[in-house]
Amino acid sequence: MTLDCDLSNINTIEFGVGYAPITGHIFSAISVDMDVKLALANMVRNTWQNMRVLGSAPTRYQPAEKHASQEFLFLPLTHRLAAFPKTLFDVANFPLNQLNLTTPNDMFCYFAIFHDTNNKKLIAIKRPAQFKGVVKSKLVHLVSNSLKLVSDTVFKLDSDFDVLVDAANVYILRPSGYELLCDLQSEILRLAPSVVSDIALEITEINFNEIENYVRTHPRAARLAFSISSQENYKDIKISKLKRVCRQMGVTLRTVNNKLEMPDTDILTFLEILDRRLYEIDLTGTQELYRATSRSKYR
Amino acid sequence: MSHHNITRQPGSLGFIRLMMVVSGMSPLFILWAARGIPLISDRTFLSMCAAFILVPNFFLWWRFATARKEADKRTLAIGRVEDHRDHLLVYLFSMLLPFYNADPENMRQIASVMIALAFIIFLFWHLHLHYMNILFAVMGFRIYTVYPNHAGGSLADKAPFVVITKRSTLEDGISMDAYRLSDTVYIEVS
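Taken in sequence, the protein lines are chains A and B. If you count the first sequence from 1, position 39 lands on 39 in this note's numbering, and the numbers rise without skipping. So this note's numbering is basically just the index in the second sequence, starting at one, shifted up by 299.
So, in C-alpha cells, the structure goes:
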C-alpha cells in the first residue's frame with residue numbers, strides 16, 4: 001500500500017492547529033516560514049518511514065483490539081470511525097491566521113496539509129502532548145556565551161505525526177493518539193447500536209434488542225460490536241456451533257419467541273465469542289479456557 | 300479549558316496591506332508629480348511624490364519576494380468566481396480622478412486633500428481593498444474575487460478572497476497554487 005501523495009515531490013505545505021472548545025472544533029491554518037515547512041516535510045517523511053518499519057502493509061484498525069503504542073494500521077476514509085479525519089480532509093480552505101495562539105494548552109491537535117506536484121493531498125495530524133510539556137518547562141538558550149531564559153511562547157514540533165490521511169485511507173501510527181484525536185470512545189458508543197442492528201439483520205436467530213441497548217453504555221461491548229461487524233464471515237455463523245461454544249463458556253441462552261437471548265450479565269461474554277476472543281485449549285487433559293485481548297488469524 | 304483565550308483575529312500583515320493600498324495610488328502621485336503644486340517647491344513636492352511611489356512599491360515587491368522565498372503559498376480550492384476588472388474602473392473614476400482634479404490654493408486646502416486621502420487610504424485598508432493596483436493590470440494580471448468552496452462544511456473558510464492571476468478564466472471546482480500577499484489576497488505566478 002502506498003500513499004496517494006508523493007512525499008518526494010511536495011509542492012505546497014500548510015500548517016494548522018485545532019482547538020476544541022465546548023462550542024465545537026475550531027481549526028485554523030497558520031502561516032509559517034520555510035524552516036517550519038521543511039521541518040513538517042521531514043516529520044511526514046519520518047512518519048511514513050516509521051510506519052513502513054513496523055510493516056510493509058498496514059493491518060486494519062480494530063477498536064476491540066489491544067494495540068501496541070505504535071503499530072502500522074489503516075482505516076478506509078469512508079469507514080464510520082474515520083469521520084473526523086475525513087471531515088478534516090474534505091475541508092477546501094481552512095481559515096487563515098484566525099486564532100490567537102497565546103494559550104497552546106487549549107490546542108488539541110496540530111496538522112499539516114501537503115499537496116504534491118500532481119495536486120494529490122495528504123493531511124498529517126498530531127495530538128500534541130509536547131505543547132503542554134514545553135509550556136510548563138523553562139527553556140534556556142545560549143546567547144553570547146551565557147544561558148538566557150527563552151521568554152517567547154514556544155511550540156515544539158514532534159519528530160513524527162500520529163495519523164496520515166490521503167484520499168483513500170487513514171494511516172495510523174499511534175492508535176491511542178488516533179482514539180484521542182477522534183474522541184473515538186464517544187463515537188463508538190454513539191454508533192454501536194446501529195452496528196448491532198446491522199449484525200442483527202444477518203444473524204436472525206438471535207434477539208439483539210437487549211444487546212443494542214447494552215452497547216450504548218458499555219464501551220468494551222461497543223468495541224466488540226464493531227470488531228464483529230468487520231469480520232467477513234460473521235454472517236456464516238452456525239447456530240448449533242454457537243450454542244455449543246456458549247455452553248462451554250458459561251453463557252446462558254434461552255429461547256423466547258423463537259429467538260435466542262441471554263441475560264445482561266452474559267452479553268459481554270457472548271460478544272467475545274462472536275468476535276473469536278474466547279477459546280479453549282486442551283494440552284493436559286484438562287480443558288482450559290482463555291480470553292485474547294489481542295488476536296490475529298493464524299490460518 | 301480557558302475558552303476566552305480562543306479569540307479570532309481579523310487578519311494579519313496590516314502594515315503590508317497599508318503599503319499595498321498606498322502603492323495602488325502610485326498613478327495619483329505620478330500625476331501630481333507631473334502637474335506640481337504652486338504652493339510647494341518642485342524639489343520638495345517631487346521628493347514627496349517619489350517617496351510615496353517608491354517606498355510602498357518597495358514593500359509590495361519585498362512582500363512578494365518574501366512570499367516566494369518562504370514558499371508562502373497555499374493550494375486554494377476555487378468556488379464561485381467574480382471577475383472584478385470593473386473595480387479598477389470604479390477606483391479610477393471615483394477615487395483617482397477627483398483627487399487629481401483637486402487644485403489646492405492654500406495650505407488649508409492641501410491639508411484637507413491630505414486628510415481626505417488619508418480617509419480613503421484607511422477605508423481601502425479596512426475593507427481589504429489593497430489589491431486595487433493598476434500595476435497588476437499593466438503586468439497582465441486579472442483580479443478575481445473567489446467565494447468559498449463549501450466543501451468541509453462549518454470548518455471551511457467562509458470569507459471570500461481575491462486571486463490575482465494571468466488566467467483569463469477561473470472555474471468553480473478547480474484548485475490552484477498561489478502566493479499569499481495578505482490573508483485575503485493571493486497572487487498566482489508560474
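Idealized CB from N, CA, C, for every residue including glycine. Because the structure is a prediction, the values reported are computed rather than measured.
Out of curiosity, what's the CA-to-CA distance linking residue i and residue j?
i	j	result
K132/A	A376/B	The predicted model places K132/A with a pLDDT of 47, which falls under 50 and marks its position as unreliable; any figure quoted below should be read in that light. So the two alpha carbons sit approximately 34 Å from each other.
V462/B	I433/B	15 Å
V196/A	H79/A	16 Å
L422/B	L317/B	10 Å
I172/A	F314/B	42 Å
S487/B	E14/A	Strictly speaking, residue 487/B in this sequence is Glu, with Ser absent from that position. Cα to Cα, E487/B sits roughly 17 Å from E14/A.
D116/A	L7/A	7 Å
A64/A	T444/B	49 Å
L96/A	A370/B	16 Å
A57/A	S227/A	20 Å
S229/A	A192/A	10 Å
H429/B	H383/B	13 Å
F72/A	L3/A	13 Å
R379/B	D264/A	56 Å
P128/A	L454/B	20 Å
K136/A	M34/A	Any reading at K136/A needs caution, since the residue's pLDDT is 49, under 50, leaving its predicted position unreliable; the model's value is listed next. Whole-angstrom Cα-Cα distance: 27 Å.
V134/A	A292/A	Confidence is the limiting factor: at V134/A the pLDDT is only 49, short of 50, which leaves the residue's position unreliable, though a coordinate-based value still follows. Computed Cα separation, rounded: 39 Å.
Q301/A	V251/A	Beyond the ends of chain A as shown, which are 1 and 299, falls residue 301/A; an answer cannot be given.
Y214/A	M249/A	20 Å
Give me the Cβ distance between residue i and residue j, rounded to the nearest whole Å; I'm assuming they're in contact under 8 Å.
i	j	result
F114/A	V44/A	6 Å
G16/A	F89/A	Not quite, the Cβ-Cβ distance comes to about 12 Å (not below 8 Å), so this is no contact.
L122/A	L81/A	Contact doesn't hold; Cβ gap of about 20 Å is too wide.
S481/B	L312/B	5 Å
T269/A	D160/A	39 Å between Cβ atoms; not a contact.
L278/A	L289/A	7 Å
N207/A	K243/A	With a Cβ gap of about 14 Å, N207/A and K243/A do not count as contacting.
Y478/B	K372/B	5 Å
S28/A	F94/A	6 Å
Any C-beta of chain B sitting closer than 9 Å to the C-beta of residue i?
i	result
D33/A	yes
N11/A	yes
N258/A	no
V134/A	Confidence at V134/A is low in this model, with a pLDDT of 49, below 50, so the placement of that residue should be treated as unreliable; the coordinate-derived value is given next. Not closer than 9 Å to any Cβ of chain B, the Cβ of V134/A fails to qualify, so no.
I123/A	no
V44/A	no
I113/A	yes
P58/A	no
T374/A	Residue 374/A lies beyond the stretch modelled for chain A, which goes from 1 to 299, so this question has no answer here.
F208/A	no
E14/A	yes
P175/A	no
D158/A	no
Are the CB atoms of residue i and residue j nearer to each other than 9 Å?
i	j	result
A225/A	L271/A	yes
M319/B	L359/B	yes
I125/A	L181/A	yes
L338/B	N405/B	yes
F351/B	M324/B	yes
S489/B	N119/A	no
L77/A	D166/A	yes
F509/B	V484/B	No statement about residue 509/B is possible, as the shown extent of chain B runs from 300 to 489 and does not include it.
Can a CB atom of chain A be found closer than 9 Å to the CB of residue i?
i	result
F369/B	Position check: residue 369/B holds Glu in this sequence, whereas Phe was assumed. With 9 Å as the cut-off, E369/B counts as an interface residue toward chain A.
T464/B	no
N274/B	Outside the modelled stretch of chain B, which goes from 300 to 489, sits residue 274/B, for which no answer is possible.
D456/B	yes
G335/B	no
N304/B	Since pLDDT at N304/B reaches only 40, below the 50 mark, its modelled position is unreliable, and no value is offered.
G313/B	no
P397/B	no
P447/B	yes
V484/B	no
F351/B	no
Can you tell which of the options has its C-alpha closest to the C-alpha of residue i?
i	options	result
L157/A	G250/A, L242/A and N42/A	N42/A
I199/A	N233/A, L181/A, L180/A and Q185/A	N233/A
R276/A	D264/A, K259/A, K241/A and L3/A	K241/A
Y446/B	D456/B, V437/B, A417/B and A410/B	D456/B
T217/A	I30/A, V251/A and E187/A	E187/A
R466/B	G439/B, T374/B and R342/B	G439/B
A39/A	P85/A, H25/A, I10/A and N93/A	I10/A
I267/A	A167/A, N209/A, R190/A and T284/A	N209/A
H449/B	A92/A, T87/A and L201/A	A92/A
N169/A	S28/A, A29/A and T87/A	T87/A
N50/A	F94/A, D162/A and S31/A	D162/A
Q62/A	F155/A, T12/A, K37/A and L184/A	L184/A
E470/B	M413/B, E381/B, G452/B and A417/B	E381/B
Practice item. With 8 Å as the limit, tell me which residues of the stretch 370-383 of chain B have their beta carbon closer than that to any beta carbon of chain D; keep them in chain order. Key: Among the protein chains of the structure shown, namely A and B, there is no chain D.
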